[in-house]
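S.K.: Sending over a structure as structure tokens; questions will come in a sec.
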Amino acid sequence: MLAVDMSGDSVKAKNGSMVAYDGQMAFKKMSGGGEGLRGMVTRRLTGEQMTVMEVRGQGTCYFADRASEINLVSLHGDKLYVEASNLLCTDAGLRTGTTFTGLRGGATGNGLFTTTVEGMGQAAIMSDGPAVILRVTPQYPLSVDPGAYIAHQGNLQQHFQAGVTFRTLIGEGGGEAFQIRFEGDGLVYVQPSERNTIGGDV
Amino acid sequence: MSAPVIFDPMTLPSDDNVNAYTFCVELKGGEWFLQKGKMIAYYGRIEFNGIGHGRFERLLRTSFHSPLHASDWVVAQGSGKMLLADRAFDVNSYDLEDGNLTIRSGNLLAYQPTLALKQSIVPGFLTLIGTGKFVAASNGPVVFMEPPIRVDPQALVGWADCPSPCHHYDHGYMTGVLGGLRSLTGLGGTSGEEHQFEFVGAGTVLLQSTEMLMAEQATGAVPHEPGVPGGGAGVPGSGHAGQGAAPRLPGQLGDLQRRFGL
């Protein structure tokens with residue numbers, strides 16, 4: 001559960017994720033995630049949809065969603081890439097948008113696009129079990145199972161890596177046929193659980 | 203909330219838990235057996251190959267004796283650090299020193315090839331024999347108990363050092379027509395705890411703190427041989443009525459008939 005103290009300022013949160021509050025709060029649905037008409041159209045087109053509400057007021061507001069674990073990410077002008085379904089709450093000062101992720105989405109089943117959060121402030125992301133944060137440096141690239149990936153930040157290039165051989169086709173595969181390889185400089189968030197992915201069983 | 207911990211290949215623990223739900227294995231050119239799809243991320247160069255891979259023939263001969271599970275297991279090989287996790291369940295590693303441990307097949311995540319994996323004669327369980335480390339998942343923390351103990355079938359994770367596992371039925375459940383009727387129909391109320399596993403002898407019993415089972419891994423069918431539990435029909439003509447495909451539970455009509463002397 002995430003508790004947000006507010007004094008007249010506002011946060012953007014996933015629609016319906018408020019579980020309790022004290023003080024004075026006003027909830028307003030933001031059509032199109034507060035990204036204006038252009039953002040709305042992009043989200044509609046890319047399928048990376050999220051319904052967002054703006055919470056403004058005085059006091060403490062509590063957010064939670066399906067008992068999933070909440071991880072706070074501080075952003076200082078850098079960009080966080082996260083799946084829309086894993087984003088719970090952001091400071092109102094943060095800009096959200098959509099971006100193309102490349103081939104990866106095809107195997108994760110999350111679509112080819114992802115949500116970006118940038119600016120200064122904090123964002124709360126959700127994971128099934130507490131997320132492990134892994135640093136990627138040029139010497140140490142990281143490979144992640146698409147089903148366990150939730151978010152990344154920093155200057156990272158991602159490649160889609162497929163180890164599909166004839167063995168996979170005859171049912172003797174290694175079980176880890178698809179991976180996302182991150183190279184560059186940044187942080188990757190993984191959850192200790194795997195979503196069901198198309199690539200998960202081969 | 204404190205600042206989040208950021209791990210890199212230097213700070214990741216070696217063969218230890220990262221947090222309660224994630225385990226880190228360090229590979230230095232060696233091998234580990236792991237269940238398919240439990241790897242969530244890795245640094246370094248690691249290859250994952252199915253058990254059927256020809257190069258592993260020698261390895262398999264010493265440490266994999268469960269052909270029925272072959273399609274669920276892979277061998278990780280190379281050098282680097284890899285993270286294992288399973289559906290956000292608790293994971294823990296255990297060291298065996300020239301010992302043996304039997305575990306529910308769905309709970310075992312990974313093990314070192316210095317251990318030998320064998321299929322237990324109790325259906326759905328696997329036995330590890332030898333010296334080495336293995337990683338197991340459980341829904342909620344694992345509790346260790348000393349026999350003699352009776353445990354709920356759903357809470358049982360495994361046992362070590364040969365206590366003898368057997369079924370135990372509460373007395374009232376077994377006696378009389380009424381008892382049988384009650385368990386058959388549920389009329390009169392049942393507590394749902396009439397059936398337990400009983401362990402006696404020296405050893406340790408591992409329990410998980412929930413009765414929700416992990417999804418059973420397909421364990422295949424045991425060979426159809428006389429004397430193999432769950433292995434189908436017994437010796438024909440041995441007089442065992444109702445020893446067909448499904449084991450006959452007490453309280454079913456067969457027992458009632460016998461009580462009436464039919």
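Chains Z and F supply the protein sequences, listed in that same order.
Position 17, counted from 1, in the first sequence is what my numbering calls 17; the numbers after and before it change by one each time, with no gaps.
Heads up: take any position in the second sequence, counting from 1, add 202, and you land on my numbering.
For each residue, glycine too, the CB sits at the ideal point set by N, CA and C.
When you compare the CB of Gly246 (chain F) with every CB in chain Z, is at least one pair closer than 9 Å?
M.R.: Taking the second sequence and counting its residues from 1, the one referred to as residue 246 (chain F) is at position 44. It does; some Cβ of chain Z falls within 9 Å.
S.K.: Helix, strand or coil for Leu94 (chain Z), going by three-state DSSP, please let me know.
M.R.: In the first sequence, residue 94 (chain Z) corresponds to position 94, counting from 1. Residue state, collapsed to three classes: coil.
S.K.: Please list the partners that Phe235 (chain F) has in chain Z, where partner means a Cβ-to-Cβ separation under 8 Å.
M.R.: Numbered from 1 along the second sequence, position 33 holds the residue referred to as residue 235 (chain F). Listed along chain Z, no residue sits closer than 8 Å to Phe235 (chain F) by beta-carbon distance, the nearest being about 12 Å off.
S.K.: Kindly indicate which three-state DSSP category Ser366 (chain F) falls into: helix, strand or coil?
M.R.: As a working note, residue 366 (chain F) is residue 164 in the second sequence. DSSP places Ser366 (chain F) in strand when its eight states are reduced to three.
S.K.: Give a yes or no on whether 9 Å exceeds the smallest Cβ distance from Val220 (chain F) to chain Z.
M.R.: Taking the second sequence and counting its residues from 1, one reaches residue 220 (chain F) at position 18. Judged by the 9 Å Cβ criterion, Val220 (chain F) is in contact with chain Z.
S.K.: Can a CB atom of chain Z be found closer than 9 Å to the CB of Asp210 (chain F)?
M.R.: By 1-based counting over the second sequence, the position of residue 210 (chain F) is 8. Asp210 (chain F) counts as touching chain Z.
S.K.: Looking at chain F, is there any beta carbon in it that lies within less than 9 Å of the beta carbon of Val82 (chain Z)?
M.R.: For the purposes of this step, residue 82 (chain Z) is identified with residue 82 of the first sequence, where counting begins at 1. Val82 (chain Z) does not count as touching chain F.
S.K.: Determine the chain F residues that contact Ile125 (chain Z) at a beta-carbon separation under 8 Å, and present them in chain order.
M.R.: On the first sequence, position 125 is the one that residue 125 (chain Z) refers to. Using a Cβ-Cβ cut-off of 8 Å, Ile125 (chain Z) is close to nothing in chain F; its nearest Cβ partner there is about 11 Å away.
S.K.: Just to confirm my understanding: we take Ile170 (chain Z), look at its own chain, exclude 5 residues before and 5 after, and list those with CB closer than 8 Å. What are they?
M.R.: The residue given as residue 170 (chain Z) occupies position 170 in the first sequence. Low per-residue confidence applies at Ile170 (chain Z): pLDDT is 47, beneath 50, and the placement is therefore not dependable, though the value from the model is reported in the following sentence. Correct list: empty, nothing qualifies.
S.K.: Applying the criterion that 16 or more other CB atoms from any shown protein chain within 10 Å of the CB defines a buried residue, is Glu83 (chain Z) buried or exposed?
M.R.: Locating residue 83 (chain Z) in the first sequence gives position 83, counting from the first residue. With 16 or more other CB atoms across the displayed protein chains lying within 10 angstroms of its CB, Glu83 (chain Z) is buried.
S.K.: Tell me where the beta strand (DSSP E) around Met212 (chain F) begins and ends.
M.R.: Counting from 1 along the second sequence, the entry for residue 212 (chain F) is found at position 10. Counting along the chain, Met212 (chain F) falls outside any beta strand (DSSP E), and DSSP gives it neither H nor E.
S.K.: With distances taken between CB atoms, is the gap from Tyr223 (chain F) to Pro130 (chain Z) smaller than 9 Å?
M.R.: Locating residue 223 (chain F) in the second sequence gives position 21, counting from the first residue. Locating residue 130 (chain Z) in the first sequence gives position 130, counting from the first residue. Their beta carbons are under 9 Å apart, which means Tyr223 (chain F) touches Pro130 (chain Z) by this criterion.
S.K.: Exposed or buried, what is Val220 (chain F) when buried is set at 16 or more other beta-carbons lying within 10 Å of its beta-carbon?
M.R.: Looking up residue 220 (chain F) in the second sequence gives position 18. So Val220 (chain F) counts as buried.
S.K.: What separation, rounded to the nearest whole angstrom, lies between the Cα atoms of Asn155 (chain Z) and Gly184 (chain Z)?
M.R.: Along the first sequence, one-based indexing puts residue 155 (chain Z) at 155. Along the first sequence, one-based indexing puts residue 184 (chain Z) at 184. Computed Cα separation, rounded: 6 Å.
S.K.: Between Gln314 (chain F) and Trp234 (chain F), which are expected to be in contact by the criterion C-beta below 8 Å, what is the C-beta distance as a whole number of angstroms?
M.R.: The residue labelled residue 314 (chain F) in the question sits at position 112 within the second sequence. The residue labelled residue 234 (chain F) in the question sits at position 32 within the second sequence. About 6 Å; that satisfies the 8 Å criterion.
S.K.: Can you tell me where the beta strand (DSSP E) holding Ala357 (chain F) begins and where it ends?
M.R.: Within the second sequence, the letter at position 155 stands for residue 357 (chain F). DSSP places Ala357 (chain F) outside any beta strand (DSSP E), giving it a letter other than H or E.
S.K.: Out of F:Arg306, F:Val293, F:Leu311, F:Gly342, which one is the CA nearest neighbour of Thr329 (chain F)?
M.R.: The count along the second sequence starts at 1 and reaches residue 329 (chain F) at position 127. It is F:Arg306.
S.K.: Less than 9 Å between CB atoms is the rule here; does Ile242 (chain F) satisfy it with respect to chain Z?
M.R.: Reading the second sequence from its first residue, position 40 is the one you call residue 242 (chain F). So yes, Ile242 (chain F) belongs to the interface.
S.K.: Between the C-alpha atoms of Val407 (chain F) and His397 (chain F), what's the straight-line distance to the nearest angstrom?
M.R.: Counting from 1 along the second sequence, the entry for residue 407 (chain F) is found at position 205. Counting from 1 along the second sequence, the entry for residue 397 (chain F) is found at position 195. Cα to Cα, Val407 (chain F) sits roughly 17 Å from His397 (chain F).
S.K.: On the DSSP bridge list, what partners appear for Glu54 (chain Z)?
M.R.: Numbered from 1 along the first sequence, position 54 holds the residue referred to as residue 54 (chain Z). According to DSSP, which records beta bridges pairwise, Glu54 (chain Z) is partnered with Z:Lys12, Z:Lys28.
S.K.: State the Cα-Cα distance for the pair Val359 (chain F) and Ser340 (chain F), rounded to the nearest angstrom.
M.R.: Your numbering for residue 359 (chain F) matches position 157 in the second sequence. Your numbering for residue 340 (chain F) matches position 138 in the second sequence. Taking the straight line joining both Cα atoms gives about 7 Å.
S.K.: Roughly how many whole angstroms lie between the Cα atoms of Ile180 (chain Z) and His369 (chain F)?
M.R.: In the first sequence, counting from the first residue as 1, residue 180 (chain Z) sits at position 180. In the second sequence, counting from the first residue as 1, residue 369 (chain F) sits at position 167. Roughly 47 Å between the two C-alpha positions.
S.K.: Smallest Cα separation from Gly326 (chain F): which of F:Pro355, F:Met212, F:Glu400?
M.R.: Numbered from its first residue, the second sequence carries residue 326 (chain F) at position 124. The residue with the shortest Cα to Cα distance from Gly326 (chain F) is F:Pro355.
S.K.: Give me the subset of the stretch 133-146 of chain Z whose CB atoms are less than 9 Å from a CB atom of chain F, sorted by chain position.
M.R.: Ile133, Leu134, Arg135, Val136, Thr137, Gln139, Tyr140, Pro141, Leu142, Ser143, Val144, Asp145
S.K.: With a Cβ-Cβ cutoff of 9 Å, do Tyr81 (chain Z) and Thr137 (chain Z) count as a contact?
M.R.: Looking up residue 81 (chain Z) in the first sequence gives position 81. Looking up residue 137 (chain Z) in the first sequence gives position 137. No, Cβ-Cβ distance for Tyr81 (chain Z) and Thr137 (chain Z) is not below 9 Å.
S.K.: Check whether the Cβ of Gln191 (chain Z) lies closer than 9 Å to any Cβ atom in chain F.
M.R.: The sequence position of residue 191 (chain Z) within the first sequence is 191, counting from 1. Yes, its Cβ sits closer than 9 Å to a Cβ of chain F.
S.K.: Would His76 (chain Z) be called buried (16 or more neighbouring beta carbons within 10 Å of its own) or exposed?
M.R.: Looking up residue 76 (chain Z) in the first sequence gives position 76. In this structure His76 (chain Z) is exposed. Its beta-carbon is surrounded by fewer than 16 other beta-carbon atoms within 10 angstroms.
S.K.: Counting only beta-carbon atoms, is Tyr223 (chain F) nearer than 9 Å to chain Z?
M.R.: Within the second sequence, the letter at position 21 stands for residue 223 (chain F). Yes - at least one Cβ of chain Z is within 9 Å of the one on Tyr223 (chain F).
S.K.: I'd like to confirm the pairing. Which residues does DSSP put opposite Ile180 (chain Z) in its beta bridges?
M.R.: Mapped onto the first sequence, residue 180 (chain Z) falls at position 180. Paired residue(s): Z:Val144, Z:Phe160.
S.K.: What in chain F is Cβ-close to Leu187 (chain Z), meaning under 7 Å?
M.R.: On the first sequence, position 187 is the one that residue 187 (chain Z) refers to. Within chain F, the residues placing a beta-carbon under 7 Å from that of Leu187 (chain Z) are Ile208, ordered along the chain.
S.K.: So Ser143 (chain Z) and Asn86 (chain Z) are in contact, right, with Cβ under 8 Å, and what is the actual spacing, rounded?
M.R.: Walking along the first sequence from the start, residue 143 (chain Z) turns up at place 143. Walking along the first sequence from the start, residue 86 (chain Z) turns up at place 86. That pair is no contact at about 20 Å.
S.K.: By Cβ distance, which residues of its chain are closer than 8 Å to Ala318 (chain F), with the 5 residues on each side in sequence left out?
M.R.: Residue 318 (chain F) sits at position 116 when you count from the first residue of the second sequence. Excluding sequence neighbours, Ala318 (chain F) sits near Thr264, Ser265, Phe266, His267, Leu330, Ile331, Gly332.
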